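A.B. asks:
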Ligand SMILES: Cc1cc2nc3c(=O)[nH]c(=O)nc-3n(C[C@H](O)[C@H](O)[C@H](O)COP(=O)(O)OP(=O)(O)OC[C@H]3O[C@@H](n4cnc5c(N)ncnc54)[C@H](O)[C@@H]3O)c2cc1C
């Protein structure tokens with residue numbers, strides 16, 4: 006590969022990472038090293054892949070290269086909903102076809118079980134992962150209708166749920182904004198930066214796993230192409246890794262390695278977090294100290310009330326933008342933060358004096374046909390990418406799957422996964438850009454008070 010791979014920046018400061026105690030990152034790669042496996046990317050997919058590889062081949066030497074500090078990328082800047090159930094963002098109510106949704110739920114649950122076993126093994130802090138379920142909150146008649154349709158779908162696929170009325174929503178949140186909710190038990194709620202850095206720190210206690218942070222891969226090429234023992238060589242600014250097998254766990258950035266080009270949709274979503282609420286503000290608000298809402302309308306706002314190490318705060322996530330070059334400016338983040346503010350003020354009128362402390366954006370990678378970008382893309386190079394907006398669970402699952410493919414494992418921890426078709430080709434660039442942005446903007450407008 007001749008062209009230098011450039012890693013896109015992460016815009017804005019993620020509140021999740023900023024409120025954690027300072028963590029000492031692993032040093033950057035310096036010099037030349039050899040390994041059995043190289044994993045590129047230390048998000049959900051990369052760390053799951055490394056952990057699974059170490060379970061299958063305990064003696065294998067595994068190197069992980071991460072472009073930033075762990076937690077700085079999308080894995081540490083999401084809203085932390087590790088969702089078991091169907092969650093198709095492009096649908097009206099998250100539901101897809103019953104058969105695919107049943108299979109996807111089993112896959113997501115394998116991933117959540119894997120994450121929970123890591124949580125236990127590495128004695129992560131309790132707030133890193135809480136298996137408490139989540140609520141789809143409805144603030145409009147349309148939102149209530151989405152919940153009703155979703156409830157019917159859950160019945161069809163044999164899943165549990167519990168409907169909440171306006172009074173129950175108010176008791177939970179302290180505000181009278183919501184008309185109803187639909188609670189499901191299987192979602193794990195993460196403090197994403199806490200979970201992902203605890204996972205990385207836990208993994209590196211294994212003497213055969215070596216993580217290098219601030220070590221972006223700038224070139225990946227094949228050595229000894231004609232020999233039987235082909236090696237891949239990954240270059241970073243100050244070092245080189247040679248490995249027989251490579252797992253690319255870089256989500257949409259895989260396009261810059263030359264794979265799945267014109268097949269991946271690069272979308273940003275954004276979040277803001279308040280400063281710490283004072284004791285009197287917490288009292289004024291009332292309700293429970295922690296809760297986690299996705300919106301009943303897929304284009305609405307996710308809201309979390311958090312307490313614990315980083316203090317009592319509220320997080321708002323909304324807006325999607327289609328940005329095929331995988332970059333957005335700080336100015337864009339500041340502009341979207343105004344939408345977060347509107348959503349916050351509308352819900353929490355008693356907290357209007359509470360300032361926003363952090364606003365940030367992050368990359369998602371989707372495919373038109375809602376499939377992973379996976380498989381052996383070249384001899385010895387495996388992809389664990391394209392999480393379709395649900396990377397906490399799906400990223401974990403595809404990381405496990407890629408590790409099992411690369412190592413030819415005998416048994417799978419994700420037995421329900423079936424080989425999928427390729428991500429569908431995109432439409433011509435201008436059409437995609439205008440179409441995707443126009444469509445998402447219109448859907449966001451239609452979400453009304455759910456946004
Ligand atoms: C605001 C926001 C809210 C979200 N909310 C949720 C949610 O509630 N639930 C959910 O499931 N998902 C959510 N997501 C999506 C989720 O964060 C992603 O789907 C998930 O992080 C994807 O995991 P991953 O491991 O595949 O990729 P990433 O987390 O993107 O990790 C890939 C890593 O690869 C590294 N990398 C890239 N190129 C290179 C290179 N050349 N060399 C070395 N390293 C490289 C990157 O720095 C990055 O750390 C949200 C995203 C955002 C931005």
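Residue numbers (the working numbering): 6 to 456. Think of the CB as a built atom: it goes at the ideal place given N, C-alpha and C, for glycine as much as any other residue. Note that the coordinates shown come from a computational prediction; the quantities given were computed from them, not determined experimentally.
1) How would you write the range of the beta strand (DSSP E) that residue 312 sits in, first residue to last?
2) Determine, using beta-carbon pairs with one atom in the segment 372-385 and one in the segment 421-431, whether at least three such pairs fall under 8 angstroms.
3) Could you compute how far the alpha carbon of residue 225 sits from the alpha carbon of residue 126?
4) With DSSP run on the structure shown, which of helix, strand or coil describes residue 89?
5) Closest to residue 216 by CA distance: which of 285, 47 and 421 is it?
6) Just how far apart, CA to CA, sit residue 227 and residue 382?
7) Taking 8 angstroms as the threshold, find out whether the segment 54-72 comes into contact with the segment 202-220 through three or more Cβ pairs.
8) Residue 359 and residue 280 - do their beta-carbons sit closer together than 8 angstroms?
9) Decide if residue 413 is buried, meaning its Cβ has at least 16 other Cβ atoms within 10 Å, or exposed.
10) Whole angstroms are fine: how far does the CA of residue 196 sit from the CA of residue 361?
11) Please check the pair residue 199 and residue 396, which I expect to be a contact at CB under 8 angstroms, by giving their CB distance rounded to whole angstroms.
12) Using a Cβ-Cβ cutoff of less than 6 angstroms, which residues in the same chain neighbour residue 247 once the five nearest sequence positions on both sides are dropped?
13) Is any heavy atom in ligand 1 found nearer than 7 angstroms to the beta carbon of residue 392?
14) Residue ranges of each beta strand (DSSP E) run of no fewer than 3 residues wholly in the segment 159-195, ordered along the chain?
15) Could you check if residue 327 belongs to the surroundings of ligand 1, using beta carbon to heavy atom distance under 7 angstroms?
16) Which same chain residues end up closer than 6 angstroms to residue 270 when comparing Cβ atoms and leaving out the 5 residues on each side of it in sequence?
17) List the whole-angstrom C-beta distance separating residue 162 from residue 103, where the pair is believed to meet the contact cut-off of C-beta under 8 angstroms.
18) Does the Cβ of residue 29 have 16 or more other Cβ atoms within 10 Å, making it buried, or fewer, making it exposed?
19) Please classify residue 282: does DSSP put it in a helix, a strand, or coil?
20) Tell me whether residue 126 sits in a helix, a strand or coil according to DSSP, three-state version.
21) Can you tell me which of 79, 155 and 327 puts its alpha carbon nearest to the alpha carbon of residue 16?
22) Got a sec, what are the start and stop residues for the beta strand (DSSP E) residue 31 sits in?
23) Can you tell me whether residue 137 is buried or exposed, with buried defined as 16 or more other CB within 10 angstroms of its CB?
24) Alpha carbon to alpha carbon, how far is residue 261 from residue 6? Give it in angstroms, no decimals.
25) Can you look up residue 60 in the DSSP assignment and give me helix, strand or coil?
26) Which residue wins for smallest C-alpha separation from residue 313, given the options 119, 94, 131 and 97?
27) Between the C-alpha atoms of residue 263 and residue 320, what's the straight-line distance to the nearest angstrom?
28) Just confirm the distance between the C-beta atoms of residue 51 and residue 45, as a whole number of angstroms; I'd bet it's less than 8 angstroms.
29) What is the rounded straight-line gap between the Cα of residue 330 and the Cα of residue 172?
30) Is it the case that the segment 180-196 contacts the segment 344-353, given that we only count it when at least three CB pairs across the two stretches are under 8 angstroms?
31) Going by CA-CA distance only, name the one from 394, 286, 147 and 106 that's closest to residue 318.
32) Counting pairs of Cβ atoms below 8 angstroms between the segment 283-298 and the segment 333-345, do you hit three or more?
33) Nearest CA to the CA of residue 445: which residue from 73, 75, 415 and 95?
34) Could you please give the first and the last residue of the uninterrupted beta strand (DSSP E) stretch that includes residue 40?
35) Using the rule of at least 16 other Cβ atoms within 10 Å of the residue's Cβ for burial, across every protein chain shown, is residue 454 buried or exposed?
C.D. replies: Reading off the structure:
1) Taking the chain shown and counting its residues from 1, one reaches residue 312 at position 307. Careful: residue 312 lies outside any beta strand (DSSP E) and carries neither H nor E.
2) Because the criterion of three Cβ pairs below 8 angstroms is met, the segment 372-385 and the segment 421-431 touch.
3) To locate residue 225, count along the chain shown from 1; it is residue 220. To locate residue 126, count along the chain shown from 1; it is residue 121. If you take the alpha carbons of residue 225 and residue 126, they lie about 33 angstroms apart.
4) Walking along the chain shown from the start, residue 89 turns up at place 84. Three-state result, residue 89: coil.
5) Here residue 216 is taken as the residue at index 211 of the chain shown, counted from 1. Looking at the Cα atoms, 47 is the closest of the given residues.
6) Within the chain shown, the letter at position 222 stands for residue 227. Within the chain shown, the letter at position 377 stands for residue 382. Going by the C-alpha atoms only, they are around 13 angstroms apart.
7) The segment 54-72 and the segment 202-220 touch, with no fewer than 3 CB-CB distances between them shorter than 8 angstroms.
8) The residue you call residue 280 lines up with position 275 of the chain shown. The residue you call residue 359 lines up with position 354 of the chain shown. At the C-beta level, residue 280 and residue 359 come within 8 angstroms of one another.
9) Locating residue 413 in the chain shown gives position 408, counting from the first residue. Exposed, because fewer than 16 other Cβ atoms sit within 10 Å of the Cβ of residue 413.
10) In the chain shown, the residue the question calls residue 361 occupies position 356. In the chain shown, the residue the question calls residue 196 occupies position 191. Taking the straight line joining both Cα atoms gives about 18 angstroms.
11) Along the chain shown, read from residue 1 onward, the residue named residue 199 stands at position 194. Along the chain shown, read from residue 1 onward, the residue named residue 396 stands at position 391. Contact doesn't hold; Cβ gap of about 16 angstroms is too wide.
12) Along the chain shown, one-based indexing puts residue 247 at 242. Scanning its chain for C-beta atoms nearer than 6 angstroms, with the 5 sequence neighbours on each side dropped, one finds around residue 247 the residues 39, 236 and 238, in chain order.
13) As a working mapping, residue 392 is identified with position 387 in the chain shown. For ligand 1, at least one heavy atom lies less than 7 angstroms from the Cβ of residue 392.
14) Counting whole runs of 3 or more residues, the segment 159-195 contains the beta strand (DSSP E) stretches 167-170, 185-189 and 193-195.
15) Residue 327 sits at position 322 when you count from the first residue of the chain shown. Result no, Cβ not under 7 angstroms from ligand 1.
16) Indexing the chain shown from 1 puts residue 270 at position 265. Correct list, in chain order: 371.
17) Position 157 of the chain shown, counted from the first residue, corresponds to residue 162. Position 98 of the chain shown, counted from the first residue, corresponds to residue 103. 5 angstroms between Cβ atoms; contact.
18) In the chain shown, residue 29 corresponds to position 24, counting from 1. With fewer than 16 other Cβ atoms from the protein chains shown falling within 10 Å of its own Cβ, residue 29 counts as exposed.
19) Taking the chain shown and counting its residues from 1, the one referred to as residue 282 is at position 277. DSSP places residue 282 in coil when its eight states are reduced to three.
20) Mapped onto the chain shown, residue 126 falls at position 121. Helix.
21) Position 11 of the chain shown holds residue 16. Of the listed residues, the one whose Cα sits closest to residue 16 is 79.
22) Taking the chain shown and counting its residues from 1, one reaches residue 31 at position 26. If you look at residue 31, you'll find it isn't in any beta strand (DSSP E); DSSP assigns it neither H nor E.
23) Taking the chain shown and counting its residues from 1, one reaches residue 137 at position 132. Classification of residue 137: exposed, given that the 10 Å Cβ count is below 16.
24) Taking the chain shown and counting its residues from 1, one reaches residue 6 at position 1. Taking the chain shown and counting its residues from 1, one reaches residue 261 at position 256. Confidence in residue 6 is poor, its pLDDT being 48 and thus under 50, which makes the residue's placement too unreliable to answer from.
25) Residue mapping note: residue 60 aligns to position 55 of the chain shown, counting from 1. Three-state result, residue 60: helix.
26) Here residue 313 refers to the residue found at position 308 of the chain shown. Out of 119, 94, 131 and 97, 131 has the C-alpha closest to the C-alpha of residue 313.
27) In the chain shown, residue 263 corresponds to position 258, counting from 1. In the chain shown, residue 320 corresponds to position 315, counting from 1. Answer to the nearest angstrom: the Cα atoms are 36 angstroms apart.
28) Numbered from its first residue, the chain shown carries residue 51 at position 46. Numbered from its first residue, the chain shown carries residue 45 at position 40. Correct: roughly 7 angstroms between the Cβ atoms.
29) For the purposes of this step, residue 330 is taken as the residue at position 325 of the chain shown. For the purposes of this step, residue 172 is taken as the residue at position 167 of the chain shown. Each residue's alpha carbon lies about 45 angstroms from the other.
30) Under the Cβ criterion (8 angstroms, minimum of three pairs), the segment 344-353 counts as touching the segment 180-196.
31) Indexing the chain shown from 1 puts residue 318 at position 313. Residue 318 has its Cα closest to that of 286, out of 394, 286, 147 and 106.
32) These segments do not touch.
33) Position 440 of the chain shown, counted from the first residue, corresponds to residue 445. That would be 95, whose Cα lies nearest to the Cα of residue 445.
34) In the chain shown, counting from the first residue as 1, residue 40 sits at position 35. The continuous beta strand (DSSP E) containing residue 40 extends over residues 36-45.
35) Stepping through the chain shown from its first residue, residue 454 is reached at position 449. The residue is buried, with at least 16 neighbouring Cβ atoms inside 10 Å.
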